[in-house]
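The sequence shown begins at 20 in my numbering and counts up one residue at a time. For each residue, glycine too, the CB sits at the ideal point set by N, CA and C.
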Amino acid sequence: MSDRRVVQNPDGGWDVRGPDGRTVVRGRRTPRRAMVEARRAVRESGGGRLVVEDRTGRVRQTDHVPPAPGG
Numbered sequence: 020m021s022d023r024r025v026v027q028n029p030d031g032g033w034d035v036r037g038p039d040g041r042t043v044v045r046g047r048r049t050p051r052r053a054m055v056e057a058r059r060a061v062r063e064s065g066g067g068r069l070v071v072e073d074r075t076g077r078v079r080q081t082d083h084v085p086p087a088p089g090g
């Protein structure tokens, strides 16, 4: 299982961070676009958790993402 976090970056865009806390996708304009990419990454890596933080760093949403079919 592989978790991802969607967080706002200092430039105002939205990043996707991997399970190690490093940024894996950078600078999406909206949290929604970052969530789409994060959800895809979690699904392709065997499923896991997607955590979305608001602009202050508080957890706004947590979703369980199942693995991709046949994966």
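Classification of residue i by the beta-carbon crowding that lies within 10 angstroms, buried from 16 upward
{"i": "R36", "result": "buried"}
{"i": "R74", "result": "exposed"}
{"i": "G31", "result": "exposed"}
Residue(s) in a DSSP beta bridge with residue i
{"i": "V55", "result": "V55 is not bridged to any residue."}
{"i": "D34", "result": "V26"}
DSSP-derived helix/strand/coil call for residue i
{"i": "R68", "result": "strand"}
{"i": "R23", "result": "strand"}
{"i": "R79", "result": "strand"}
{"i": "R74", "result": "coil"}
Backbone CA spacing between residue i and residue j [nearest angstrom]
{"i": "S21", "j": "V78", "result": "18 Å"}
{"i": "S64", "j": "E56", "result": "12 Å"}
{"i": "D82", "j": "D39", "result": "18 Å"}
Beta-carbon proximity check, residue i vs residue j, cutoff 7 Å
{"i": "W33", "j": "V25", "result": "yes"}
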